[in-house]
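**Q** Just passing along the structure, written as structure tokens.
Chains as they are written, first to last, in UniProt numbering: chain A, 1 to 338; chain B, 1 to 423.
Structure follows, in structure tokens:
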């Protein structure tokens, strides 16, 4: 690239229906751990862990998944050290205070590698399991999600980065001036704060947004760090970056990753797949890709062992992690401007 | 329990820098505990090497102290969210149980059941849920509540919540077959989309001491935590709760009662006492006075000379008989406000035992053999030192007496606790 930028790569783990174990043998964490370790060795920016909403469509109950995504993220954080770890969590299944705590904690556990994937597509089965059988109208869901995300990011900034003093002899654990109440009162929620988890090592967990429709674009422009877009992404990515500029954010402050599912095409050869990724990246249709595949080692191995070296040969992919946190690997600044 | 003697259960109650209010100021306390996952991994491994049944985490969905000046002199305003913490510990340990508190007031049963079941799978059947209801205005304000629900309403919600969670865990809620849940506070349509628990169902823990809390425990709990200062208090609670089980068709052994104990152990009694005094000295005056004021329901205690006696107090509506006893004792022993404040801040309602390994083992043995406890939730004063000391000094003494296991015999938390597997 002329400006030296290389593409960002995420891999989405779409949980298979858990193997049916008639006995006590539960789902296999070590298989998933190996998969993520392989992604880390390959230098990918992040793994995106799906939760139930991504496997549920239509009117059937949600398919089985091996683990709930935020708990899985915590476990994976202890067996990896560089790769970003992003978990889906629904705005219907959680309260904003609880979700903000969970991800703030995950971010500290992972030393600044955590992200939250907020989907703007409601799962039609979900509300009925969370005591809201009437569900939400599309518009209510959107306004509620917008308010929810704003609260979560507000709570994440409640403690200044230098708030904790740990001053044993002076008897002051934190500086009272550097803790801030949120005092949010909105249409759907009221949340006083502060969060009872410390400030993130990367300023804030990374906010990934997915399932965006036209009506969600202004929300993403205000809040998102990363957006996952379906192919073709170009028009949407341009649109989003214009909207970001309009709300005072740098267009570079949001990374647009295009969802691709190259599983079936690996047989076509690594050059073909590399071509397919190179073209939209060079034409600035996106900042990188979200590789969607089932956690099947053989399929992933082919992608890592054949396609990634080809992308590196073309100068399209960095070979090591440039920073210590997910935010810095993605080339995102802190969010102090908000 | 055929061949060998009944043995006590032990929990390691991990809480930030320690259970003593001034723990974080101790020279060797790990002051950054609330932001250091490696510290917790180390504590978990210490507890596992000592064959503890479980790690236990408290929780609140909010900071602990509304007065920011007081809060800033303690370490309890920040820490890990416990579900994420225990999920991380699950894959860094192999045997020890992992129990977290979570409130029925600000969660939904479907989400909570799913999260704990996932923790249970990550740990191979070592998860437990400590059910609490929230009675804090600080928490309520984070969830849009205008006020706290009355006690009875909170427990009715908790009862329904527990019923839905266990129904989901046991695979007995399934909307497809027309048996979803549609109740007063909650509705659930689908079964959980996770496989069944490796231990049948995660372990249910409770801590409510009120009459309605005891009934809920008798109906649903596998383990009960409690605070009891004296042997008599502990025994009376133990007998009362075990006595309620028959009503729900359960056996006395179906519930393990584990009172909290805050030990300070050293090779000699004098040394242990010195360790305790050293911690007491570290309690900031503001913090001690605030806790004492709130306990005695006096708002202007700070106006009086701190090294002087407690002022004459008007008889107040809020004054309970236990508080009156405290006032009497302070007069009898001629304690200053500062001394009295430290006394309260240091103990905070829990059973404190200060002494040698043999003395502490004697105390635990007396309650265990005397029909007042099935085990204990150990609350180290500061971390890592007091957990290390308990593991290195008290556990071997209990093992020598045959009162505690020397090896894990099973893999799941239910195995360790000797609990039946739910059908």
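Here a beta-carbon is modelled for each residue, glycine too, at the ideal position from N, C-alpha and C.
Which residue from A:309, A:207 and A:293 puts its Cα closest to that of residue 333 of chain A?
**A** The residue with the shortest Cα to Cα distance from residue 333 of chain A is A:207.
**Q** Which residues in chain A sit within 8 Å of residue 80 of chain B, going by Cβ to Cβ distance?
**A** In chain order: 105, 108, 109 and 197.
**Q** Could you tell me whether the Cβ of residue 98 of chain A comes closer than 8 Å to any Cβ of chain B?
**A** Chain B, which has a Cβ nearer than 8 Å to the Cβ of residue 98 of chain A, makes this yes.
**Q** Shorter than 8 Å from the beta carbon of residue 223 of chain B to some beta carbon of chain A?
**A** Not closer than 8 Å to any Cβ of chain A, the Cβ of residue 223 of chain B fails to qualify, so no.
**Q** What does residue 87 of chain B reach in chain A if we use C-beta pairs closer than 7 Å?
**A** Ordered by position in chain A, the residues that pass the 7 Å Cβ test against residue 87 of chain B are 71, 74 and 75.
**Q** Residue 245 of chain B CB to nearest chain A CB: under 8 Å?
**A** It does not; no Cβ of chain A falls within 8 Å.
**Q** Please decide whether residue 279 of chain B counts as near chain A, where near means a Cβ-Cβ distance under 8 Å.
**A** No, residue 279 of chain B lies away from the interface with chain A (no Cβ there is under 8 Å from its Cβ).
**Q** Roughly how many angstroms lie between the CA atoms of residue 217 of chain A and residue 231 of chain A, to the nearest whole one?
**A** Their Cα atoms are separated by approximately 16 Å.
**Q** Listing by chain order, which chain C residues have their CB less than 9 Å from the CB of residue 157 of chain A?
**A** The structure shown has no chain C; the protein chains it does contain are A and B.
**Q** What does a CB cutoff of less than 8 Å around residue 192 of chain A pick up in its chain, not counting 5 residues either side in sequence?
**A** Cβ within range, chain order: 181, 182, 183 and 184.
**Q** Which residues, in order along the region 323-357 of chain B, keep a beta-carbon less than 7 Å from a beta-carbon of chain A?
**A** Listed by position along the chain: nothing, the set is empty.
**Q** Under 8 Å between C-beta atoms, does residue 396 of chain B make it to chain A?
**A** So no, residue 396 of chain B is outside the interface.
**Q** Three or more C-beta pairs under 8 Å: does that hold for the region 294-303 of chain B against the region 380-390 of chain B?
**A** Taking 8 Å as the limit for Cβ pairs, the verdict is that the region 380-390 of chain B does not touch the region 294-303 of chain B.
**Q** Can at least three beta-carbon pairs, one atom from the region 264-281 of chain B and one from the region 234-242 of chain B, be found at a separation below 8 Å?
**A** The region 264-281 of chain B is not in contact with the region 234-242 of chain B.
**Q** Let me make sure I understand the geometry here. Which of B:330, B:82, B:72 and B:198 has the alpha-carbon closest to that of residue 422 of chain B?
**A** Closest by alpha carbon: B:198.
**Q** For a contact meaning CB atoms closer than 9 Å, what does residue 146 of chain A contact in chain B?
**A** Within 9 Å Cβ-Cβ: nothing; residue 146 of chain A doesn't reach chain B, min ~17 Å.
**Q** Alpha carbons only, please: which of B:64, B:28 and B:80 is nearest the one belonging to residue 14 of chain B?
**A** If we check each option's Cα against that of residue 14 of chain B, B:80 comes out closest.
**Q** Using 8 Å as the cut-off, can you tell me whether the region 63-72 of chain B makes contact with the region 24-31 of chain B, which would need three or more C-beta pairs spanning the two stretches below that distance?
**A** Counting Cβ pairs under 8 Å, fewer than three are found: no touch.
**Q** How close, in whole Å, do the beta carbons of residue 118 of chain B and residue 106 of chain A come, if the pair is a contact with beta carbons under 8 Å?
**A** The Cβ separation is near 14 Å, so there is no contact.
**Q** When DSSP builds the beta bridges, which residues end up paired with residue 376 of chain B?
**A** Answer by DSSP bridge pairing, in chain order: B:10.
**Q** Give the secondary structure of residue 8 of chain A by DSSP, where H, G and I count as helix, E and B as strand, and everything else as coil.
**A** In the structure shown, residue 8 of chain A sits in a strand (DSSP, three-state: E or B).
**Q** Based on the DSSP output, what are the partners of residue 127 of chain B in its beta bridges?
**A** The partner list for residue 127 of chain B (beta bridge, DSSP) reads B:98.
**Q** Taking 8 Å as the threshold (beta carbon to beta carbon), is residue 293 of chain B in contact with chain A?
**A** Chain A, which has no Cβ nearer than 8 Å to the Cβ of residue 293 of chain B, makes this no.
**Q** Should residue 137 of chain B go down as buried or exposed, given a rule of 16 or more other Cβ atoms within 10 Å for buried?
**A** Looking at its Cβ environment, which holds fewer than 16 other Cβ atoms inside 10 Å, residue 137 of chain B is exposed.
**Q** Residues of the region 60-77 of chain B with a CB closer than 9 Å to any CB of chain A: list them in chain order, please.
**A** Listed by position along the chain: 60, 61, 62, 63, 64, 68, 69, 71, 72, 73, 74, 75, 76 and 77.
**Q** So, helix, strand or coil for residue 114 of chain A, using DSSP?
**A** Three-state DSSP puts residue 114 of chain A in a strand.
**Q** Report all residues from its chain with a CB closer than 6 Å to the CB of residue 315 of chain A; omit the five preceding and five following residues, and keep chain order.
**A** Answer for residue 315 of chain A: no residue qualifies.
**Q** Counting only beta-carbon separations shorter than 8 Å, does residue 108 of chain B have a partner in chain A?
**A** Residue 108 of chain B counts as touching chain A.
**Q** Mind checking residue 275 of chain B: buried by the 16 CB within 10 Å criterion, or exposed?
**A** It counts as buried.
**Q** In whole angstroms, what is the alpha-carbon distance linking residue 183 of chain B and residue 113 of chain B?
**A** Approximately 17 Å between the Cα atoms of the pair.
**Q** Straight-line CA distance for residue 293 of chain B to residue 75 of chain B?
**A** Distance between the alpha carbons of residue 293 of chain B and residue 75 of chain B: 20 Å.
**Q** For residue 124 of chain A, which of A:326, A:42, A:91 and A:96 has the nearest alpha-carbon?
**A** Of A:326, A:42, A:91 and A:96, the residue nearest in Cα terms is A:91.
**Q** At the level of alpha carbons, what is the spacing between residue 318 of chain B and residue 326 of chain B?
**A** Only weak support is given to the placement of residue 318 of chain B: the predicted model assigns it a pLDDT of 49, under 50, and the question is left unresolved by the model.
**Q** Name the chain B residues that come within less than 8 Å of residue 34 of chain A, Cβ to Cβ?
**A** Here the premise fails: no neighbours, minimum Cβ distance about 13 Å.
**Q** Would you mind reading off the limits of the alpha helix (DSSP H) that contains residue 234 of chain A?
**A** Run containing residue 234 of chain A: 234-246, per the alpha helix (DSSP H) assignment.
**Q** Mind the definition here: the region 124-144 of chain B touches the region 155-169 of chain B only if three or more C-beta pairs lie below 8 Å; say whether that holds.
**A** Enough Cβ pairs lie closer than 8 Å, so yes.
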